[in-house]
Amino acid sequence: MTDSPADAARRHRQKIQRQLDEALEASFPASDPVSIVTSQEEEDWGAAETAAPSVPPEPPAGSGRS
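FYI, the numbering for the sequence shown is 1128 to 1193, going by the working numbering.
Written out as structure tokens, the structure is:
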């Protein structure tokens, strides 16, 4: 059975919330900020919003390429 995208998103949010709760509990009462490690797939890195440059960058001067 395949979950709907909404169900998958809800489970993902619950997973992140559970990790944050556990990290907070483990760090209490320290004043350091809570941190969790996620994969790049789990983050919105904006890859879809960033377009590749249309003009390739110039090679550095003196690189022997013209």
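Built from N, CA and C at the ideal position, the CB exists for glycine as well.
Original post:
Going by the CB atoms, is the gap between Asp-1130 and Arg-1140 shorter than 9 angstroms?
Top reply: As a position in the sequence shown, residue 1140 is number 13, starting the count at 1. As a position in the sequence shown, residue 1130 is number 3, starting the count at 1. Contact flag unset, no.
Original post:
Nearest-angstrom Cα distance between Ser-1162 and Leu-1147?
Top reply: The residue you call residue 1162 lines up with position 35 of the sequence shown. The residue you call residue 1147 lines up with position 20 of the sequence shown. Roughly 7 angstroms between the two C-alpha positions.
**OP:** To the nearest angstrom, report how far apart Pro-1132 and Glu-1185 are at their CA atoms.
**Re:** For this step, residue 1132 is matched to residue 5 along the sequence shown. For this step, residue 1185 is matched to residue 58 along the sequence shown. Distance from the CA atom of Pro-1132 to the CA atom of Glu-1185, rounded to whole angstroms, is 43 angstroms.
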